[in-house]
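I have placed the structure first, in the form of structure tokens, so that the comments after it can refer back to it.
2 protein chains.
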Amino acid sequence: MTALLVSSELERERSAAIARALSDPKRLCVLETLAGGERSVSELSHDVGCQVPNMSQHLAVLRSAGLVVTRRDGNNVFYRLADERVLEAYRMLQSIAR
Amino acid sequence: MTALLVSSELERERSAAIARALSDPKRLCVLETLAGGERSVSELSHDVGCQVPNMSQHLAVLRSAGLVVTRRDGNNVFYRLADERVLEAYRMLQSIAR
DNA sequence: CGGCCGCTTGCGCGCTTGCGCAAGTAGTGA
DNA sequence: TCACTACTTGCGCAAGCGCGCAAGCGGCCG
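If you read the sequences in order, they're chains A and B.
Take 7 as the starting number for the first sequence in the working numbering and just add one per residue.
Take 7 as the starting number for the second sequence in the working numbering and just add one per residue.
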């Protein structure tokens, strides 16, 4: 069983920042899409159903939380998940929300 | 490996609500404390280091997200974790935040 | 170089959040 | 009933968030 739950204020701040990045349905929708592989901003914008600038801002939130990483190819910027654990965390949220 | 990540807008809304409840360091501190067993509001207020009304509001957030449950005993109201998975979710956040 | 495409950034708006403080409520005991 | 304790709720404020819109890059191609 995993123990070691108690943490410092700074660590809690960081964990809270991750949770905050996950606290928006559109960003969760992005993660679902990225689970199928990397996507460009306009692809994500289309799939999620919002305007490109708005999507870019959501992606910036996910990126500054370290949940996604980017790769530039010509005019396109492709986003992908930074870590498999991001999906595991999302699955935990889904499990609790059920 | 767990699949079944794709969900409806409503389900994403619910998952996002869980994440939002976890997106504050004080509330995470509450969860850490409650991992050691149930506590009264004033105990939590003391441990976390905030005023009682503020703690009551944070607990209301956790409660309406279904992460904690209450039990009344005389003048005291005791809070405890609603589910072991809440701690697992927190541990996932810690793991990603590292 | 000039125009275009893809993405990011800045700005302003309405809404939500966390907080302190004051007031209200529920339960206990004299 | 009255006072006391423990907790909740209402209120107002400052800060933050999501969004649309417009403007600003950066990289391609003719």
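All residues carry an ideal CB built from backbone N, CA and C; glycine is no exception.
Residue i vs residue j beta-carbon contact at 8 Å
| i | j | result |
| --- | --- | --- |
| residue 67 of chain B | residue 61 of chain B | no |
| residue 69 of chain A | residue 102 of chain B | no |
| residue 93 of chain A | residue 74 of chain A | no |
| residue 98 of chain B | residue 41 of chain A | no |
| residue 48 of chain B | residue 58 of chain B | yes |
| residue 100 of chain B | residue 19 of chain A | no |
| residue 30 of chain A | residue 22 of chain B | yes |
Per-residue contacts from residue i into chain B (C-beta, under 7 Å)
| i | result |
| --- | --- |
| residue 93 of chain A | 11 |
| residue 41 of chain A | 11 |
Coil, strand or helix - residue i by DSSP
| i | result |
| --- | --- |
| residue 37 of chain B | helix |
| residue 44 of chain B | coil |
| residue 21 of chain A | helix |
| residue 16 of chain B | helix |
Limits of the alpha helix (DSSP H) - the one that residue i falls within
| i | result |
| --- | --- |
| residue 60 of chain B | 58-70 |
| residue 53 of chain A | 47-54 |
| residue 78 of chain A | That residue, residue 78 of chain A, is in no alpha helix (DSSP H); its beta strand (DSSP E) goes 74-79. |
| residue 101 of chain B | 90-103 |
| residue 28 of chain A | No alpha helix (DSSP H) holds residue 28 of chain A; DSSP gives it neither H nor E. |
Continuous beta strand (DSSP E) stretch holding residue i: start and end
| i | result |
| --- | --- |
| residue 86 of chain B | 82-87 |
Proximity test, Cβ basis, 8 Å: residue i and chain A
| i | result |
| --- | --- |
| residue 19 of chain B | yes |
| residue 34 of chain B | yes |
Partner residues on chain B for residue i, Cβ-Cβ distance less than 9 Å
| i | result |
| --- | --- |
| residue 28 of chain A | 21, 22, 24, 25, 26, 28, 29, 99 |
Neighbouring residues, chain B, relative to residue i (Cβ below 8 Å)
| i | result |
| --- | --- |
| residue 96 of chain A | 11, 21 |
Below-8 Å beta-carbon distance, residue i vs any chain B residue
| i | result |
| --- | --- |
| residue 89 of chain A | yes |
| residue 103 of chain A | yes |
Closer than 9 Å at the beta carbon, the chain A residues around residue i
| i | result |
| --- | --- |
| residue 38 of chain B | 11, 12, 13, 18 |
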